[in-house]
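Trainee: Chains as they are written, first to last, in this note's numbering: chain A, 4 to 347; chain B, 4 to 347. Ideal Cβ placement from N, Cα and C applies to all residues, glycine included.
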DNA sequence: GTTAGCACTCAATAAAAGTGAGTGCTAACA
DNA sequence: TGTTAGCACTCACTTTTATTGAGTGCTAAC
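#1: Let me know if residue 24 of chain B comes out buried or exposed under the rule of 16 or more other beta-carbons within 10 Å of its beta-carbon.
#2: Give the straight-line distance between the Cα atoms of residue 258 of chain B and residue 52 of chain A, rounded to the nearest whole angstrom.
#3: Under 8 Å, Cβ to Cβ, is there at least one residue of chain B near residue 244 of chain A?
#4: Between residue 221 of chain B and chain A, is the shortest Cβ-Cβ distance under 8 Å, so that the two count as touching?
#5: To the nearest angstrom, how far is the alpha carbon of residue 246 of chain B from that of residue 252 of chain B?
#6: Are the C-beta atoms of residue 335 of chain A and some chain B residue less than 8 Å apart?
#7: How would you call residue 214 of chain B, buried or exposed, if buried means at least 16 neighbouring beta carbons within 10 angstroms?
#8: Considering only C-alpha positions, which residue in the set B/324, B/261, B/292 and B/260 is nearest to residue 280 of chain B?
#9: To the nearest whole angstrom, what separates the beta carbons of residue 227 of chain A and residue 189 of chain A, a pair I think is in contact under 8 Å?
#10: Determine the chain A residues that contact residue 259 of chain B at a beta-carbon separation under 8 Å, and present them in chain order.
#11: What is the rounded straight-line gap between the Cα of residue 143 of chain A and the Cα of residue 219 of chain A?
#12: Using a threshold of 8 Å, state whether the C-beta atoms of residue 127 of chain A and residue 272 of chain A are closer than that.
#13: Would you say the stretch 263–272 of chain A touches the stretch 329–340 of chain A, given that touching needs at least three Cβ pairs under 8 Å?
#14: Suppose the cutoff is 6 Å on Cβ atoms and the five residues either side in sequence are ignored; what does the same chain contact list for residue 312 of chain A look like?
#15: Beta-carbon of residue 284 of chain A versus every beta-carbon of chain B: anything under 8 Å?
#16: Are the C-beta atoms of residue 26 of chain B and some chain A residue less than 8 Å apart?
#17: Between residue 95 of chain A and residue 117 of chain A, is the Cβ-Cβ spacing less than 8 Å?
#18: Return helix, strand or coil for residue 332 of chain B, following the three-state DSSP convention.
#19: Counting only Cβ pairs nearer than 8 Å, list the residues of chain B close to residue 106 of chain A.
#20: Could one say the Cβ of residue 250 of chain A lies closer than 8 Å to chain B's Cβ atoms, at least one of them?
#21: What does residue 151 of chain B pair with, by DSSP beta-bridge criteria?
#22: Along chain A, which residues have their Cβ under 8 Å away from the Cβ of residue 145 of chain B?
#23: Using a threshold of 8 Å, state whether the C-beta atoms of residue 108 of chain B and residue 156 of chain B are closer than that.
#24: Any beta-carbon of chain A closer than 8 Å to the one on residue 256 of chain B?
#25: Give the interface partners of residue 135 of chain B over in chain A, defined as CB-CB distance under 7 Å, in chain order.
#26: Can you find a C-beta in chain A that's less than 8 Å from the C-beta of residue 160 of chain B?
#27: Report yes or no: is there a C-beta of chain B within less than 8 Å of the C-beta of residue 326 of chain A?
#28: Going along chain B, which residues have a C-beta under 9 Å from residue 291 of chain A?
#29: Would you please verify whether the beta carbon of residue 117 of chain A is less than 8 Å from any beta carbon of chain B?
#30: Taking the alpha carbon of residue 37 of chain A as the point to measure from, which residue in A/233, A/17 and A/84 has its own alpha carbon closest?
#31: If we cut at 8 Å on Cβ distances, does residue 101 of chain A have a partner in chain B?
#32: Quick one: which chain A residues come within Cβ less than 8 Å of residue 349 of chain B?
#33: So residue 22 of chain A packs on residue 232 of chain A, CB below 8 Å; how close in whole Å?
#34: Evaluate contact between the stretch 174–190 of chain B and the stretch 191–199 of chain A, counting only Cβ atoms and requiring at least three cross-stretch pairs below 8 Å.
#35: Looking only at its own chain, which residues have a Cβ that is under 7 Å from the Cβ of residue 186 of chain B, when we skip the five neighbours before and after it?
#36: I'd like the span of the alpha helix (DSSP H) that includes residue 302 of chain B, first residue to last.
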């Protein structure tokens, strides 16, 4: 059986209609609503074929048809038209990015919020943590007798602070000297590179402050080691309450719970270096809990090996075209901004 | 009509039962379930009285009774028994606090999460921002040509950073000098105190760096002025999906939306200096959207004039006893920790 | 190959009947 | 005089039954 032009037109009508209404659609409705120039009986025959070919499904005997995962896949790969962002949407996204331009981590959170707002789906952002990023500047700041703060500026200009707790915290002056020493010696290192050997090498060149250097650096290394590999933020999770797919509170709750599982979200966003926008439909994500959801995701660049991901998650019956457009629209901006930041 | 002992026992039974089951309760059920030594007919008479007195309500003619706001109020003020935290709960809370002891703001977020976990209600935390807190230490850290970070340690040892964007960012060395200058002169100031006059006074004593000082301080003042008065965090909002009161997705969604409105949350937490735990029942909060919810809240101390609030919000039919116990239990710990921190 | 016609299916909706937890009132009892 | 058994009544909720309508597949004619 061959997927001729007419079958494709019918399939497209089914998918578009289902995305819009969330109701199974039948042959007569298609004949009336979409001007295909053929009768409902003919459409019926074609739909029967489409079902045999696996592109659509009948939820029960006397119902209309809905798209199958395979149907969505065809739609996303071949049928869907990307649209440009409206001027208004583009302006909104530009503003969000521009007003957070100095803090990439914060910018990503705000971006997630913006995407959730524009698409009405839930948005997930992963942000690589400092382990792999290179040190641009480190400053130790005194807090009290038992602790000080390490302020870290990475090469991608993320600013983070970590509180470090030590029994014998060096005094302000010593901390200042240590800041300088560490800065002079470890600039452009990544935290991964700071192993025991690097620590002792640095301590050797520290002269009178050797002990303090050792202690501080060990504390620093401990703090960094203890940190998770990636941070995950979500935004707009409450949007799922708007979809008839989740009109059952039990299902909605399960979904909320799933979207709080960090491990699951990490799996969901996956780990690859693709620069393209990826669409994962239904069971393709291999997560039983989310088999009725689709994910549209993309990686953004944080310099070299490091990248984070942004994903939009919604019901399978989501507006792929819109989500892809928004995501690709924003990605262009972000990558440009990040490049400008780390280049400039 | 007098609220005698028997009426109180019956009211207590009604409230306890309703808190547990969320179903209206009738005279026969009370007679069977609670061993009050009187017949259902007698209970019926008493219930009729309780309804006349406004303590209970009949949702419709042939239903049982449920507590009114006035009934809950009586319960909370006179009937409810506070319980001690179990050893396990106490240990859990202590651990949460202890492991975040160095960052009060972070600690409060984690505390909110912990309370939400223990109570299964949504938790709201407000955190006073830096405007009123006193400066313990300030450090300027270079980021790039057009920006630097201001790291701020307050007298309550909250560490925060703000990115400051300036066309002519001073170089590293100058920033270091400025840090020292500002530290020496503005320690124990609050940001509110840094007005134009203070800025120029400081600039006068800056010698060669006068222009840079002016520029940086103006930028700092701008950043601080732009900041909101309080920050609000919520945790466990998804818990509301567990209550039959919100089994309708529309209601749940409205609630989610309400709990994202910062202004509403600020109003909800109110502003007072009470050191007691406060219970706000139903319409008492004067927020139409939340008239079916109750709030249990308390203030925690962040040194002197500054305080934040923690609130637990749930359906009116919430387990007041548990929520009050958990909140008072944790408050003791927190205030002790904060006192130790700023004292030591 | 296309389509009108028809019998059939079945979820969803509506209407009808039945159930049961609840009430208020009355009259008898201690 | 307070307590209680008894009874008729109410009304949300559940179950049952009937109705509707959007959908299908198949067949025969164009």
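Mentor: By the coordinates alone:
#1: So residue 24 of chain B ends up on the exposed side.
#2: One C-alpha to the other measures close to 46 Å.
#3: For residue 244 of chain A, the answer is yes, since a Cβ of chain B falls inside 8 Å of its Cβ.
#4: Cβ-Cβ to chain A under 8 Å: no for residue 221 of chain B.
#5: Rounded to the nearest angstrom, the gap between the Cα atoms of residue 246 of chain B and residue 252 of chain B is 11 Å.
#6: So, not an interface residue.
#7: Exposed, by the Cβ-count rule.
#8: Ranked by Cα distance from residue 280 of chain B, the options B/324, B/261, B/292 and B/260 are led by B/324.
#9: Between residue 189 of chain A and residue 227 of chain A the Cβ distance is about 12 Å, and since that is not below 8 Å, they are no contact.
#10: Here the neighbours are 241 and 244.
#11: Those two C-alpha atoms are separated by around 10 Å.
#12: Yes, the Cβ-Cβ distance between residue 127 of chain A and residue 272 of chain A is below 8 Å.
#13: As far as the Cβ criterion goes, the stretch 263–272 of chain A does not touch the stretch 329–340 of chain A, which means the pair count is below three.
#14: Closer than 6 Å at the Cβ level, and outside the excluded window around residue 312 of chain A, lie 129, 272, 300 and 302.
#15: For residue 284 of chain A, the nearest beta carbon of chain B is not closer than 8 Å to its own beta carbon.
#16: By this cut-off, residue 26 of chain B is not an interface position.
#17: Taking 8 Å as the cut-off, the Cβ atoms of residue 95 of chain A and residue 117 of chain A count as close.
#18: If DSSP states are grouped into helix, strand and coil, residue 332 of chain B belongs with the helices.
#19: Per Cβ cutoff of 8 Å: 166.
#20: The C-beta of residue 250 of chain A comes closer than 8 Å to at least one C-beta of chain B.
#21: For residue 151 of chain B, which the question treats as bridged, DSSP gives the partners B/145 and B/167.
#22: In chain order: 140 and 156.
#23: No, Cβ-Cβ distance for residue 108 of chain B and residue 156 of chain B is not below 8 Å.
#24: Closer than 8 Å to some Cβ of chain A, the Cβ of residue 256 of chain B qualifies, so yes.
#25: What residue 135 of chain B touches in chain A: nothing, since even the nearest Cβ is about 19 Å away.
#26: For residue 160 of chain B, the answer is yes, since a Cβ of chain A falls inside 8 Å of its Cβ.
#27: Interface criterion not met: the Cβ of residue 326 of chain A is under 8 Å from no Cβ in chain B.
#28: Neighbours of residue 291 of chain A on chain B: none; closest Cβ ~20 Å, over 9 Å.
#29: It does not; no Cβ of chain B falls within 8 Å.
#30: Just measuring C-alpha positions, the residue of A/233, A/17 and A/84 sitting nearest residue 37 of chain A is A/17.
#31: With 8 Å as the cut-off, residue 101 of chain A does not count as an interface residue toward chain B.
#32: What the structure shows of chain B is the stretch from 4 to 347, and residue 349 of chain B is not part of that stretch, so it cannot be assessed.
#33: In this structure residue 22 of chain A does not touch residue 232 of chain A by the C-beta definition: roughly 36 Å separates them, more than the 8 Å allowed.
#34: In short, these stretches do not touch, since the Cβ pair count stays below three.
#35: Counting only Cβ-Cβ distances below 7 Å, and skipping sequence neighbours, we find 140 and 141.
#36: That residue, residue 302 of chain B, is in no alpha helix (DSSP H); its beta strand (DSSP E) goes 296–304.
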